[in-house]
Structure formats: C-alpha cells, structure tokens
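Numbering (the numbering used here), first residue to last: 505 to 569. Where is the CB? At the ideal position from N, CA and C, for every residue including glycine.
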C-alpha cells in the first residue's frame with residue numbers, strides 16, 4: 505500500500521487511502537491527485553488539527569495518526 509503526501513489546510517499530511525495519482529502523459533509535470541470526498545477530508549482535518557495522517561474508510565475520512 506502506497507501513501508500519498510500532500511498539504512491540507514497549510515499542513516503536510518499523509519493520505520493512507522482515498523487518493524490516487526491522476527495519470528499524465530507528460531513526464532515532468534507535478535502529479536495531480538484524485539481524492540475521494542475532498543470536502544469531508546477538509547472537515548476532518550479541521551476537527552483533528554494535530555493529525556498527520558488520514559484514511560478514507562466506509563465513505564468518510566478518519567484521522568489515523
């Protein structure tokens with residue numbers, strides 16, 4: 505299982521599940537992510553400001569660490 509590192513609300517976090525890299529045909533382009541329910545991720549990050557990792561489980565985001 506591969507985690508993704510990104511920034512949520514100005515803080516670097518790991519997304520353990522719920523995010524997939526979007527394929528690009530160009531080689532030297534920053535990778536875009538397809539994130540499941542991004543609005544729920546932001547809400548969960550606001551409720552858990554100390555969390556550094558999140559996972560998408562059963563349709564909602566949970567703080568994992």
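Helix, strand or coil at residue i according to DSSP, with G and I counted as helix
| i | result |
| --- | --- |
| residue 553 | coil |
| residue 548 | helix |
Cβ neighbours of residue i in the same chain (closer than 6 Å, five flanking residues each side left out)
| i | result |
| --- | --- |
| residue 545 | 565 |
| residue 523 | 508, 537 and 539 |
Option nearest residue i by Cα separation, candidates the options
| i | options | result |
| --- | --- | --- |
| residue 513 | 525, 556, 540 and 522 | 556 |
| residue 541 | 515, 535 and 562 | 562 |
CA-to-CA distance, residue j to residue i, given in whole angstroms
| i | j | result |
| --- | --- | --- |
| residue 520 | residue 559 | 5 Å |
| residue 481 | residue 508 | Since the first and last residues shown for the chain are 505 and 569, residue 481 lies out of range. |
| residue 547 | residue 553 | 10 Å |
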